[in-house]
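Peer 1: Going by my numbering, the first residue of the sequence shown is number 1, and it counts up by one from there. In this text, a Cβ means the ideal position worked out from N, Cα and C, and glycines have one as well. Okay, handing you the structure first.
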Amino acid sequence: MLMDNGTLGPAKEVHGYADGAKINFVTWSPDGQHMAFTVRYEDKVDSSVNLSLWVANAESGEARPLCISENIRLNAIFELFVWVNDSTVLVCTIPSSRGNPPKKPLVPFGPRIRSNEHKNVVQMRATKEMLKDLHEEQLFDYYATSQLILVSMDGQVKPIAPPAIYTALDPSPNEKYLMLTSVHRPYSSIVSYERFPKKVELWTVDGTFIREVCDLPLAEDIPITSGSVRKGKRLIRWRPDMPSTLYWVEAQDGGDANVNVSPRDIVYMERADPLNDEKPQVLLELDLRYRRTSWCNGSHALVYEHWYKTRRTRTWVISPDCKDVSPQVLFERSSEDAYSNPGSPIMCRTPAGTFVIAKIKTKYEGTYILLKGQGATPKGSIPFLDLLNINTGVKERIWESSKEKYYESVLALMSYNPKCEIQLNQLKLLVSKESRREPAQYYIKIWPDKNQVQITNYSHPHPQLALLQKEVIRYQRKDGVKLTATLYLPPGYNPSEDGPLPCLIWSYPGEFKSREAAGQVRRSPNKFARISSNFPLLWLARGFAVLADPTIPIIGEGDQEANDRYIEQLVASAEAAVNEIVRRGVRFSLVFVFCQTIYVFLSVHCFLCFLYWG
């Protein structure tokens with residue numbers, strides 16, 4: 001527990017389960033008095049009851065299984081469970097009538113024939129692991145179908161809604177309704193389950209069906225063009241500052257980004273249980289593609305729109321409950337321009353457990369919020385915290401990270417107020433602080449003096465490499481585009497004494513619309529060099545240098561597409577990176593390129609270039 005002075009109270013150890021338990025899916029109840037989690041044991045991998053739902057009391061630390069009956073088996077294919085209120089959990093379980101999995105028939109079903117007659121030709125992106133035949137469709141039904149149950153803290157169980165393939169469970173903020181999202185047949189062998197027919201329904205928490213919000217058909221025909229979306233209602237969410245109000249967006253271009261139309265997207269809002277003649281309210285009409293909404297209250301909300309082809313992005317200020325107040329553009333910029341990124345609003349937890357934009361009370365008039373950002377600059381990222389007057393757009397920087405040794409970043413608001421109105425001089429923030437050789441530690445930063453209290457003391461996770469050398473290097477390719485990369489060298493390496501090193505390059509190309517944006521610095525030399533299984537820093541222990549994330553911008557300015565000059569720019573970026581690391585002591589003949597499978601052609605082209613240069 002966080003104390004008033006920013007320190008942590010005494011730790012409580014959760015107990016009650018056997019040794020060797022593997023804990024997953026830890027979630028707090030809205031009032032913070034309980035936490036639910038799953039327990040599994042590796043020695044019961046083949047057991048159908050291996051995964052069980054437990055609940056722990058926050059005050060005592062005592063944990064116990066919530067579902068005692070062995071007939072209740074959890075289904076973790078999609079969403080597993082969610083808190084409905086302080087004392088009830090909605091759980092996905094395996095239907096009791098499921099039986100044995102369907103067997104693959106000895107005789108094939110026959111060829112799958114697809115006809116495109118009388119239809120428009122639609123390009124499809126390459127996807128893997130799709131349903132291949134009718135047997136796999138049966139297996140998908142078998143394993144993904146869930147029976148929903150409501151479980152109270154005393155272990156009482158109540159089934160709710162018919163069995164279905166539920167992919168999302170969303171209680172309303174007032175704990176009265178449940179929004180249940182499921183997919184159903186007909187399935188597809190060319191798109192993933194996200195594009196299967198999707199149904200969204202509203203139920204009460206006592207099991208009464210209210211209405212169907214939508215039932216979207218199979219979406220195999222979404223154009224491949226960036227910015228294309230599914231037809232019909234999408235991104236259906238609960239408004240977090242209201243008891244039970246839904247909002248969503250609908251494309252006016254049929255979901256096809258190639259169609260020129262205004263508006264392109266419309267954002268709607270509607271009560272969960274509207275009157276018979278009540279129609280959805282139009283919140284905002286957008287000419288770009290809708291991204292998301294950050295809600296504050298009935299007077300203020302931020303709506304974001306974006307258009308990939310031009311990289312334009314806009315942030316609107318709207319008054320959702322004031323029809324006579326016109327929307328205003330707060331920010332308009334290029335999404336590629338990291339230096340102008342204003343950041344994102346600091347959110348505050350409401351009594352209902354939702355998150356809305358925190359309103360900051362100052363000595364000045366007006367409505368203020370806080371924006372936190374990464375703070376990209378030509379000298380590296382310097383995270384910041386700005387105080388923004390949402391009515392005028394005027395900003396004041398009230399904090400930024402140390403520039404010399406440390407990288408500090410704002411993570412979350414720790415101050416609490418039921419109305420989400422926070423006094424600036426009583427502000428408490430959770431921040432992280434790290435350096436090249438010191439792992440991130442967490443602090444509570446307290447206003448007005450900005451004192452900070454350290455709440456963690458993690459040891460170095462890999463002390464053998466604690467003295468590795470890290471440098472953000474800058475260079476340019478032959479067409480003048482500025483590039484950056486992070487160069488790691490083994491501990492104690494000295495070029496004059498140790499000679500040239502072998503080097504491993506780890507990178508991905510990226511698309512840009514401008515040379516200026518492509519050359520911006522989006523990293524910090526002060527971030528801790530954490531070693532993980534999917535990042536090649538372990539090779540430092542073998543005496544390798546590692547060049548991490550050298551920028552490989554593929555630029556398509558104006559009406560040009562980035563891929564028009566793909567190979568040329570890929571080769572130029574790789575050549576510039578290799579020339580720079582060779583100049584710094586890397587052995588040219590021992591340069592290796594690693595990348596994700598989808599970018600294997602990057603390795604191929606770089607290898608061919610090395611042969612050419614050699």
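Does any CB atom of chain C fall closer than 8 Å to the CB of Ser573?
Peer 2: Absence of chain C from the displayed structure is noted, only one protein chain being present.
Peer 1: I believe Pro101 touches Tyr142 by the beta-carbon criterion, under 8 Å. Please report the beta-carbon distance rounded to the nearest angstrom.
Peer 2: 5 Å
Peer 1: Find the nearest neighbour of Arg515 within the set Leu429, Arg289, Pro553, Glu332, judged by alpha-carbon distance.
Peer 2: Just measuring C-alpha positions, the residue of Leu429, Arg289, Pro553, Glu332 sitting nearest Arg515 is Pro553.
Peer 1: Mapping the DSSP letters down to three states, classify Trp248 as helix, strand or coil.
Peer 2: strand
Peer 1: Which residue's Cα is closest to the Cα of Ser238: Thr208, Ala251, Met269, Gly254?
Peer 2: The displayed chain sequence assigns Trp, not Ser, to residue 238. Looking at the Cα atoms, Met269 is the closest of the given residues.
Peer 1: If you check the beta carbons only, do Ile149 and Val91 fall under 8 Å apart?
Peer 2: yes
Peer 1: Could you name the residues that DSSP lists as bridge partners for Gly373?
Peer 2: Phe384
Peer 1: With a Cβ-Cβ cutoff of 8 Å, do Val410 and Val431 count as a contact?
Peer 2: yes
Peer 1: Between the beta-carbon of Asp692 and the beta-carbon of Pro223, is there less than 8 Å?
Peer 2: Residue 692 lies beyond the range of the chain shown here (1 to 614); nothing can be said about it.
Peer 1: State the Cα-Cα distance for the pair Lys279 and Pro351, rounded to the nearest angstrom.
Peer 2: 29 Å
Peer 1: At which residue ranges does the segment 491–547 contain complete beta strand (DSSP E) runs of 3 or more residues, listed in the order of the chain?
Peer 2: Those beta strand (DSSP E) runs which fall completely within the segment 491–547 and span 3+ residues are 501–506, 509–512.
Peer 1: Quick one: Cα of Val586 to Cα of Val521, how far?
Peer 2: 23 Å
Peer 1: What is the residue span of the beta strand (DSSP E) that His34 lies within?
Peer 2: For His34, the uninterrupted beta strand (DSSP E) run begins and ends at 34–40, by DSSP.
Peer 1: Alpha carbon to alpha carbon, what distance is there between Ile210 and Leu202?
Peer 2: 5 Å
Peer 1: What is the DSSP secondary structure of Arg64, reduced to helix, strand or coil?
Peer 2: strand
Peer 1: What are the start and end residues of the beta strand (DSSP E) that includes Glu270?
Peer 2: Residue range 265–271 is occupied by the beta strand (DSSP E) that includes Glu270.
Peer 1: Once DSSP output is grouped into helix, strand and coil, what is the label at Pro171?
Peer 2: For Pro171, the secondary structure class from DSSP, reduced to helix, strand or coil, is strand.
Peer 1: Indicate whether Ile357 and Pro342 have their beta-carbon atoms separated by less than 8 Å.
Peer 2: no
Peer 1: Based on DSSP bridge pairs, tell me the residues matched to Ser182.
Peer 2: Tyr166, Lys199
Peer 1: Can you list the beta strand (DSSP E) stretches of 3 or more residues lying completely in the segment 63–104, in chain order?
Peer 2: 63–65, 81–85, 88–93
Peer 1: Using only alpha-carbon positions, find the residue among Ala56, Met1, Leu8, Ala36 that is nearest to Val14.
Peer 2: Ala56
Peer 1: Out of curiosity, what's the CA-to-CA distance linking Met3 and Met347?
Peer 2: When rounded, the distance between both Cα atoms is 20 Å.
Peer 1: Could you check whether the segment 327–338 touches the segment 297–315, counting it as contact only if at least three pairs of C-beta atoms, one from each stretch, sit closer than 8 Å?
Peer 2: yes
Peer 1: For Pro495, which residues of its own chain have a beta-carbon under 7 Å away from its beta-carbon, when the five flanking residues on both sides are left out?
Peer 2: Gly585
Peer 1: Quick check on the burial criterion: 16 or more other C-beta atoms within 10 angstroms. Buried or exposed for Leu611?
Peer 2: Confidence at Leu611 is low in this model, with a pLDDT of 45, below 50, so its placement is unreliable and no value can be given for it.
Peer 1: With a 10 Å radius around its C-beta and 16 neighbouring C-beta atoms as the bar for buried, classify Thr208 as buried or exposed.
Peer 2: exposed
Peer 1: Out of Ser96, Tyr508, Ala466, Glu497, state which residue places its alpha-carbon closest to the alpha-carbon of Lys488.
Peer 2: This sequence places Tyr at residue 488; Lys is not what is there. For the residues Ser96, Tyr508, Ala466, Glu497, the minimum Cα distance to Tyr488 belongs to Ala466.
Peer 1: In this structure, what does DSSP give as the bridge partners for Pro553?
Peer 2: Gly510
Peer 1: Can you list, in chain order, the residues of its chain with a C-beta nearer than 6 Å to that of Pro65? Leave out the 5 residues immediately preceding and following it.
Peer 2: Ser52, Trp54
Peer 1: For Glu79 and Ser146, I'd like the C-alpha separation in whole angstroms.
Peer 2: 10 Å
Peer 1: Tell me Asn24's beta-bridge partners as DSSP assigns them.
Peer 2: Thr38
Peer 1: Anyone know if the C-beta pair for Ile390 and Ile422 falls short of 8 Å?
Peer 2: For Ile390 and Ile422, no; Cβs fall outside 8 Å.
Peer 1: Taking Gly61 as the reference, which of Met1, Val157, Phe81 has the closest Cα?
Peer 2: Met1
Peer 1: Less than 8 Å between the C-beta atoms of Asn258 and Thr225, yes or no?
Peer 2: Result yes, Cβ atoms of Asn258 and Thr225 sit closer than 8 Å.
Peer 1: Taking the alpha-carbon of Thr551 as reference, which of Ala144, Leu540, Ala574, Phe535 has the nearest alpha-carbon?
Peer 2: Ala574
Peer 1: Buried or exposed: where does Ser182 fall if 16 or more other Cβ atoms within 10 Å of its Cβ makes it buried?
Peer 2: buried
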